[in-house]
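Okay, so here's the structure we're looking at.
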Amino acid sequence: METQHPDQLYRGRFGTLLVGSRSKLNDRVSLYEETRRTTGYGQAGLLHAFGVDLVLTERWSTGLKMETGTISDPLNGDIKRRVVALSMGHNATVLASSL
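The sequence shown: position 95 = 140 (the working numbering), numbered continuously.
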């Protein structure tokens, strides 16, 4: 007789629905918004992301992203998620890098 659940870490079926848009204001600035809904066995959630991308020069770019939402987990309960991220990138003719 097995006393433990062998499928405890099995994620089962899950799905993600992503809806969003991107608007290019000019050659240097673009804005985006997206909503992500995840469902299935285990974690489920609804997250909203907003961001702006800026082209500083021909080679340098930067961006700011904000994300907020709730992730529901049957074991851990609801997790409020609030994230702010800053990115920077450099593009040369041979090499592209970002942070």
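Glycine included, C-beta positions come from ideal geometry on N, C-alpha and C.
Would you give the residue range spanned by the beta strand (DSSP E) that residue i belongs to?
i              : result
glycine 60     : 59–69
threonine 84   : 74–85
asparagine 121 : Element bounds for asparagine 121: n/a, residue is neither H nor E.
leucine 99     : 89–100
Is the CB-CB distance between residue i and residue j below 9 Å?
i                : j             : result
phenylalanine 59 : glycine 90    : no
asparagine 136   : glutamate 103 : yes
In chain order, what residues of the same chain lie with their CB nearer than 6 Å to the CB of residue i, ignoring the 5 residues before and after it?
i              : result
isoleucine 124 : Ile116
threonine 61   : Thr83
Looking only at its chain, what residues have a beta carbon closer than 8 Å to the beta carbon of residue i, apart from the 5 residues adjacent to it on each side?
i         : result
serine 75 : Arg67, Ser68, Lys69, Val97 and Asp98
Please report the Cβ distance between residue i and residue j, rounded to the nearest whole angstrom; I am assuming they are in contact, meaning their Cβ atoms lie under 8 Å.
i           : j             : result
leucine 109 : arginine 81   : The Cβ separation is near 18 Å, so there is no contact.
leucine 131 : glutamate 112 : Going by Cβ atoms, the distance from leucine 131 to glutamate 112 rounds to 13 Å, so no, they are not a contact pair.
With a CB to CB cut of under 7 Å and the five nearest residues on each side skipped, what residues in its chain are close to residue i?
i            : result
arginine 73  : Leu99 and Val100
arginine 127 : Thr113
valine 182   : Residue coverage of the chain in this structure runs from 46 to 144, which leaves residue 182 outside it and unanswerable.
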